[in-house]
Amino acid sequence: MAYYRQVGQVPPKRHTQHRTPEGGLYYEELMGEEGFSSGSSLLYHRHLPAAIVDSARWELPDLGTEANHPLKPRHLKPHELFPGEEWKRHDVVTGRRLVLGNGDVRISYAAAGEASPLYRNAIGDECVYVEAGEGVVETVFGALPFRAGDYVILPRATTHRWVPHGLVRAYVIEASSHITPARRYLSKFGQLLEHSPFCERDLHGPAEPLQAEGEDVEVLVKHRGSRGVVGTRFVYPRHPFDVVGWDGCLYPYTFNIEDFEPITGRVHQPPPAHQVFEGENFVICNFVPRKVDYHPLAISVPYYHSNVDSDEVMFYCGGDYEARKGSGIGQGSISLHPGGHSHGPQPGAYERSIGAGFFDELAVMVDTFRPLELGEGGLAAEDPGYAWTWAARGPA
1 MAYYRQVGQV PPKRHTQHRT PEGGLYYEEL MGEEGFSSGS SLLYHRHLPA AIVDSARWEL
61 PDLGTEANHP LKPRHLKPHE LFPGEEWKRH DVVTGRRLVL GNGDVRISYA AAGEASPLYR
121 NAIGDECVYV EAGEGVVETV FGALPFRAGD YVILPRATTH RWVPHGLVRA YVIEASSHIT
181 PARRYLSKFG QLLEHSPFCE RDLHGPAEPL QAEGEDVEVL VKHRGSRGVV GTRFVYPRHP
241 FDVVGWDGCL YPYTFNIEDF EPITGRVHQP PPAHQVFEGE NFVICNFVPR KVDYHPLAIS
301 VPYYHSNVDS DEVMFYCGGD YEARKGSGIG QGSISLHPGG HSHGPQPGAY ERSIGAGFFD
361 ELAVMVDTFR PLELGEGGLA AEDPGYAWTW AARGPA
């Protein structure tokens, strides 16, 4: 995060006594990035934050992946992973289905109606795009209400749980690094600059501390092991939501896609104009309803392009995506256009776009700079005919 916030009770000076009304001490915890050298916050607990009474294995769901080989573009239908009312028995944490992944980022999908267990990702930050629904993410920093169109940014090691109000559909981007606003939008001190398509007013953090009581409280922790991602169940003697106040520049927040102000031009703008966040070896962009190119000879849909350095993943979550008409892609679809494959508009879209003044489309894009592999959810939800839709026929 780029800017300072204070919530609840904190002492006038850091690392000094902060006493309870009864005269005891609150326990100060530093949550910081990059070995005390980057963003951090100080949290003040009623109980010892390090105290645990049990530690056991948490068996994670299938996180294995298969290479996209032989190479081809893919169309995935994640809504099919949760047919009927199956969502009612799932939560946003344990109900995730891995769609795509590599060593830098994992993309999952969840449809959920149950409250999740308490959870902490100790591998990297999470960016969860809420496709549909609303609810609250309860965190050690306080409560974060969310609604459709929100990005929910959860810093590494933030203890939290998802509490949906009815059906929630979530597109989950898990990093092995931190996720920040695009660096080119930030001043050298971290402020969002005037040319940024959003600003600090659009970012919404917790407004007050969240207190909870309980004993022997279980928290699921996803963390690094010698052979990849592993899970542990910690049991805390007292509920970890015991923070009376915190301050700093590291905390969870929401940003709604409706608050992204698109950058447009006389001719087609390249994908970096639509960037919103970035992590190590990947970026996140969004394509929102907008006026399009106003040069008299403009072709408004994207030109054909080869992904020389990246794999491109699009999640289609609103409107009517002009360039993909005729491909079978619809609401909730995910496309993968891998490096080494030239792609672009479907047949007919190039001509139809001439003279268009506005595109009513909504999509979240992840570009990775190492190849993505298919998870079990991606393999289970694939449309096998998509690769051949530009040619209108499949293999001989």
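Using this note's numbering, the letters of the sequence shown map in sequence onto residues 1 to 396. Here a beta-carbon is modelled for each residue, glycine too, at the ideal position from N, C-alpha and C.
In the structure shown, the three-state DSSP call for E218 is strand. According to the DSSP secondary-structure assignment, Y119 is paired through a beta bridge with H160 and L220.
Around P302, the same chain offers H268, A323, G344 and P345 as residues with beta carbons nearer than 7 Å, after the five sequence neighbours per side are excluded. The distance from the Cβ of R74 to that of E382 is about 6 Å, consistent with a contact at the 8 Å cut-off.
Ranked by how close their Cα comes to the Cα of T94, the residues L144, R161 and D54 have R161 in first place. The Cβ-Cβ distance between R169 and N121 does not fall below 8 Å.
D311 sits close to P338, with the two beta carbons spaced by under 8 Å. For Y316, the enclosing beta strand (DSSP E) starts and ends at D311 to G319. G279 sits away from H165, with the two beta carbons spaced by 8 Å or more.
Bounds of any alpha helix (DSSP H) do not take in Y129; it lies within the beta strand (DSSP E) bounded by E126 to A132. If you ignore the 5 residues before and after A212, its C-beta comes within less than 6 Å of the C-beta of H239 and F241, all in its own chain and listed in chain order. Inclusion of F277 and P145 in the CB contact set at 8 Å is not warranted, their separation being larger than that value. Put simply, the backbone Cα of G340 is about 7 Å away from that of S306.
Within the same chain, Cβ atoms closer than 6 Å to the Cβ of K88 are found at G113, the five residues on either side in sequence being excluded. Counting C-beta pairs with one atom in each stretch, the stretch 280–296 and the stretch 101–113 have three or more that are closer than 8 Å, which means they touch.
DSSP places A207 in no beta strand (DSSP E); its state is neither H nor E. A direct Cα-Cα distance of roughly 33 Å separates I107 from H45.
Nearest C-alpha to V152 among F141, V140 and V172: V172. Distance from the CA atom of G378 to the CA atom of K13, rounded to whole angstroms, is 50 Å. The Cβ atoms of L118 and L220 sit closer than 8 Å to each other. In the displayed model, E382 falls within a strand according to three-state DSSP. Within the same chain, Cβ atoms closer than 6 Å to the Cβ of M365 are found at C285 and M314, the five residues on either side in sequence being excluded.
For R227, there is no enclosing alpha helix (DSSP H), as DSSP gives it neither H nor E. For Y151, the uninterrupted beta strand (DSSP E) segment begins and ends at D150 to L154. It is roughly 35 Å from the alpha-carbon of L210 to the alpha-carbon of H195. Note: Y109 is bridge-paired with R97 and Y171 in the DSSP secondary-structure output.
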